[in-house]
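> I am attaching a structure below and will ask some questions about it afterwards.
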Amino acid sequence: MRIIHLEETTSTNDYVKKQREKLETPSLVQADYQTEGRGRRGRTWNSERGKNFLATIFFKDDPGPFHSLVLASLTILETLRHFGVHAHVKLPNDIVTERGKIAGILVERLAGREPATAIGIGLNVNEVFQDSTRVSIRTETSAKHDVARVRDILADRF
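Counting from 629, one number per residue, gives the positions in the sequence shown under our numbering.
Below, the structure written as structure tokens:
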């Protein structure tokens, strides 16, 4: 899997849409910061710069939204288990622990000459939240984690 790292972008899904003809398949596009990160139904996904895993995995085929969601969910759950975090899927697109939401998934089918899929993943790694509805790997394990290491483990499991 080719990994592309960006310091900042509007959203990694937007980047993939604009660059899809140039991207290898599969590719993982990761950003330290998204100025317009989003989730389902136009909801925003806000994150402190460099503290979380914000990425899109791109495929030049279309396994369909359900299969893409299942693949992403299982990959995230397995990655979290690597760090000792126990979580489960909250349909339709969230990953939660007993204490709160730790990740979200946004699957987008990309129209064009050939179908393609963008699987956006927001995984809270080191951010400490003031509200009680969100958690991170850090708050679940009481330790800071290298976001690049989280990315590499997730990419290996994909």
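The beta carbon of each residue, even a glycine, is placed where N, CA and C say it ideally should be.
1) Span of the beta strand (DSSP E) holding Lys729?
2) When you compare only the Cα positions, how much space is there between Lys772 and Gly728?
3) Considering only the alpha carbon of each residue, which of Asn680, Glu652, Leu682, Val735 lies closest to Gly692?
4) Roughly how many angstroms lie between the CA atoms of Glu742 and Gly748, to the nearest whole one?
5) Please classify Glu726 as buried or exposed, where buried requires at least 16 neighbouring CB atoms within 10 angstroms.
6) Helix, strand or coil for Ala659 per DSSP?
7) Check the C-beta distance from Gln658 over to Leu697 and give it rounded, since I have them as a contact under 8 Å.
8) Beta-carbon separation of Thr653 and Phe694 under 7 Å?
9) Can you pull the DSSP bridge partners for Asp689?
10) Figure out for me which residue from Ile704, Thr640, Arg737, Val644 has the closest Cα to the Cα of Ile765.
11) With distances taken between CB atoms, is the gap from Gly732 to Gly750 smaller than 7 Å?
12) Let me check understanding here. Comparing Cα to Cα, which of Asp642, Lys718, Leu708 lies closest to Arg737?
13) Rounded to whole angstroms, what is the Cα-Cα separation between Leu682 and Asp774?
According to the structure shown:
1) Numbered from 1 along the sequence shown, position 101 holds the residue referred to as residue 729. If you look at Lys729, you'll find it in the beta strand (DSSP E) that goes 729-738.
2) Along the sequence shown, read from residue 1 onward, the residue named residue 772 stands at position 144. Along the sequence shown, read from residue 1 onward, the residue named residue 728 stands at position 100. Distance between the alpha carbons of Lys772 and Gly728 is about 18 Å.
3) In the sequence shown, the residue the question calls residue 692 occupies position 64. When each option's Cα is compared against that of Gly692, the closest is Val735.
4) Within the sequence shown, residue 742 is the residue found at index 114, counting from 1. Within the sequence shown, residue 748 is the residue found at index 120, counting from 1. Approximately 19 Å between the Cα atoms of the pair.
5) In the sequence shown, counting from the first residue as 1, residue 726 sits at position 98. Flag for Glu726 reads exposed.
6) The residue labelled residue 659 in the question sits at position 31 within the sequence shown. Note: Ala659 maps to strand in three-state DSSP.
7) On the sequence shown, position 30 is the one that residue 658 refers to. On the sequence shown, position 69 is the one that residue 697 refers to. The C-beta distance from Gln658 to Leu697 rounds to 20 Å, too long to fall under 8 Å, and the pair is not in contact.
8) Position 25 of the sequence shown, counting from 1, holds the residue named residue 653. Position 66 of the sequence shown, counting from 1, holds the residue named residue 694. Contact: no.
9) What you label residue 689 is simply residue 61 of the sequence shown in a count that begins at 1. Paired residue(s): none; Asp689 is not in a bridge.
10) By one-based count along the sequence shown, residue 765 stands at place 137. It is Ile704.
11) In the sequence shown, the residue the question calls residue 732 occupies position 104. In the sequence shown, the residue the question calls residue 750 occupies position 122. Yes. Within cutoff.
12) Position 109 of the sequence shown, counting from 1, holds the residue named residue 737. Answer by Cα proximity: Asp642.
13) For this step, residue 682 is matched to residue 54 along the sequence shown. For this step, residue 774 is matched to residue 146 along the sequence shown. Distance between the alpha carbons of Leu682 and Asp774: 13 Å.
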